[in-house]
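Quick notes on the structure that follows.
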Amino acid sequence: MRAKGIFITGTDTGIGKTIVAAAVARHLRKTGFRVGVLKPVTSGAVVLDGRLASEDAELLRWASECSTPDRIIAPYLLREPLAPSEAASREGVVIELGPIREAFDNLSSCHDFIIVEGAGGLLVPLAEHLLVADLAATLSLPLLIVARPNLGTVNHTLMTCECARTRGIEVLGVVINGQSAQPDAAEEYAPRLISKLAAVPVLATLPRCSDGDEKNIVKTLTNLIAQQPLAARLITEASHDNP
Ligand SMILES: Nc1ncnc2c1ncn2[C@@H]1O[C@H](COP(=O)(O)OP(=O)(O)O)[C@@H](O)[C@H]1O
Ligand SMILES: [Mg+2]
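Numbering (the numbering used here), first residue to last: 212 to 454.
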């Protein structure tokens, strides 16, 4: 039986993967699921309370209430905010699938649903012959693609979908994140074009929040997710027995 979970990727870095992953985690937790979170590779790790930490993993932990140790939730911590393969080689580290797979299996053994946040987009290099897409394919999880709302997003989202499909990765759907209060024409038609041309559902459109506090943004988006098709899709994924 396939482990239950999703792999959250983006059409770019800084697109809202962590915020959306945290909102998804919080939504499922509030619905009663035991949610595990995994940030396999962090570049730009920071020192928090005297230890190296992943800020993304910290937010995901808060949202999911997952109590698994840091070394499992965030197995690769790299200091430099660079492409992971580059940050790793500068520290003499080689990122491999084995430890990530192990962390995933560990999380799967004590949670109902695992949310994995990738790094950057699908073709970001993790090592010389290893891309984020290879990791998503290895974990066999369906993909949730976070995309920006404005002009250019149709191209980036279709490219991400095509990239996933050529590697046999299932695309669950797209979340458009950061829509402005007064969407322009490009923001209006993007969801329609994406769902038509990529033949994937746009499962949620989430607004750009003005609150600077990330936990408050996550709380707001959690409430909004509950009213969008994403909520039902997540419950189906988390509940049904996969083959
Ligand atoms: N819907 C939103 N409203 C306001 N700020 C957002 C929203 N989504 C993301 N952000 C902010 O944008 C930045 C990048 O988001 P993040 O989730 O860290 O992206 P990624 O994980 O893809 O690199 C963060 O500062 C985050 O707080
Ligand atoms: Mg992130």
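Quick reminder that beta carbons are idealized off the backbone N, C-alpha and C, glycines included. Just so you know, these numbers come straight off a predicted model, no measurement behind them.
Original post:
Closer than 7 Å: is that where the CB of arginine 419 sits relative to any heavy atom of ligand 1?
Top reply: Here residue 419 refers to the residue found at position 208 of the sequence shown. Indeed, a heavy atom of ligand 1 lies less than 7 Å from the Cβ.
**OP:** Measure the Cβ-Cβ separation of leucine 271 and valine 304 and say whether it is below 8 Å.
**Re:** On the sequence shown, position 60 is the one that residue 271 refers to. On the sequence shown, position 93 is the one that residue 304 refers to. Against a cut-off of 8 Å, the Cβ pair of valine 304 and leucine 271 comes out as no contact.
Subject >> Nearest-angstrom Cα separation, counted from valine 335 out to valine 386 >> reply: Along the sequence shown, one-based indexing puts residue 386 at 175. Along the sequence shown, one-based indexing puts residue 335 at 124. Cα to Cα, the separation comes out at about 20 Å.
Original post:
According to DSSP, is alanine 264 helix, strand or coil?
Top reply: As a working mapping, residue 264 is identified with position 53 in the sequence shown. If DSSP states are grouped into helix, strand and coil, alanine 264 belongs with the strands.
Subject >> Contained alpha helix (DSSP H) runs [length at least 4] in the region 334-397, N- to C-terminal order >> reply: 343-350, 364-377
**OP:** Can you give me the Cβ contacts of serine 406 inside the same chain, cut-off strictly under 8 Å, excluding the 5 residues immediately before and after it?
**Re:** For the purposes of this step, residue 406 is identified with residue 195 of the sequence shown, where counting begins at 1. These residues qualify, in order along the chain: Val385, Pro412, Val413.
**OP:** Pull up the distance between the alpha-carbon of proline 394 and that of threonine 416, whole angstroms please.
**Re:** Numbered from 1 along the sequence shown, position 183 holds the residue referred to as residue 394. Numbered from 1 along the sequence shown, position 205 holds the residue referred to as residue 416. About 12 Å.
Original post:
Thinking C-alpha only, which one of Ala409, Gln390, Ala401 is nearest cysteine 374?
Top reply: The sequence position of residue 374 within the sequence shown is 163, counting from 1. Per the Cα distances, Ala409.
**OP:** For ligand 2, enumerate in chain order all residues having a CB closer than 6 Å to any of its heavy atoms.
**Re:** Lys228, Thr229, Asp267, Glu328
Original post:
For the beta strand (DSSP E) that contains alanine 415, what are its first and last residues?
Top reply: Within the sequence shown, residue 415 is the residue found at index 204, counting from 1. It spans 413-418 - the beta strand (DSSP E) in which alanine 415 sits, taken as one unbroken run.
**OP:** Report yes if the C-beta of glycine 363 is less than 7 Å from at least one heavy atom of ligand 1; otherwise report no.
**Re:** The count along the sequence shown starts at 1 and reaches residue 363 at position 152. Glycine 363: no, Cβ never under 7 Å from ligand 1.
**OP:** State the Cα-Cα distance for the pair lysine 215 and valine 235, rounded to the nearest angstrom.
**Re:** The count along the sequence shown starts at 1 and reaches residue 215 at position 4. The count along the sequence shown starts at 1 and reaches residue 235 at position 24. So the alpha carbons of these two residues sit roughly 14 Å apart.
Subject >> Residue from Ser450, Arg419, Arg403 whose Cα sits closest to the Cα of leucine 435 >> reply: Reading the sequence shown from its first residue, position 224 is the one you call residue 435. Comparing Cα positions, the closest option is Arg419.
Subject >> First through last residue of the beta strand (DSSP E) which encompasses serine 482 >> reply: Because the chain in this structure spans residues 212 to 454, residue 482 falls outside the shown range and cannot be described.
Original post:
Does DSSP put threonine 224 in a helix, a strand or coil?
Top reply: Your numbering for residue 224 matches position 13 in the sequence shown. It is coil, neither helix nor strand.
**OP:** Return the Cβ separation of alanine 256 and leucine 288 in integer angstroms, given the expectation that the two are a contact with Cβ distance under 8 Å.
**Re:** Taking the first residue of the sequence shown as position 1, residue 256 is located at position 45. Taking the first residue of the sequence shown as position 1, residue 288 is located at position 77. Contact holds; Cβ gap of about 4 Å.
**OP:** Could you spell out where the beta strand (DSSP E) holding glutamate 328 opens and where it closes?
**Re:** For the purposes of this step, residue 328 is taken as the residue at position 117 of the sequence shown. Taken as a continuous stretch (DSSP letters only), the beta strand (DSSP E) holding glutamate 328 covers 324-328.
**OP:** With hydrogens ignored, establish whether the beta-carbon of glutamate 398 is closer than 7 Å to any heavy atom of ligand 1.
**Re:** Taking the first residue of the sequence shown as position 1, residue 398 is located at position 187. Every heavy atom of ligand 1 is 7 Å or more from the Cβ of glutamate 398, so no.
Subject >> Within 8 Å, strictly: CB atoms of leucine 383 and leucine 355 >> reply: Walking along the sequence shown from the start, residue 383 turns up at place 172. Walking along the sequence shown from the start, residue 355 turns up at place 144. A contact, by the Cβ cut-off of 8 Å.
Original post:
With respect to 7 Å, is the separation between the Cβ of threonine 224 and the closest non-hydrogen atom of ligand 1 below this value?
Top reply: Counting from 1 along the sequence shown, the entry for residue 224 is found at position 13. It does: the Cβ of threonine 224 is within 7 Å (strictly closer) of some heavy atom of ligand 1.
Original post:
Do you know whose CA, among Gly221, Leu342, Glu269, Arg240, lies nearest aspartate 260's CA?
Top reply: Working through the sequence shown from its first residue, we reach residue 260 at position 49. Measuring from the Cα of aspartate 260, the nearest candidate turns out to be Glu269.
Subject >> Cβ-heavy atom distance, leucine 432 to ligand 1, below 7 Å >> reply: Translated into positions along the sequence shown, residue 432 becomes position 221. At least one heavy atom of ligand 1 is nearer than 7 Å to the Cβ of leucine 432, so yes.
Original post:
From the DSSP output, which residues share a beta bridge with tyrosine 287?
Top reply: The residue given as residue 287 occupies position 76 in the sequence shown. Answer is Val252, bridged to tyrosine 287.
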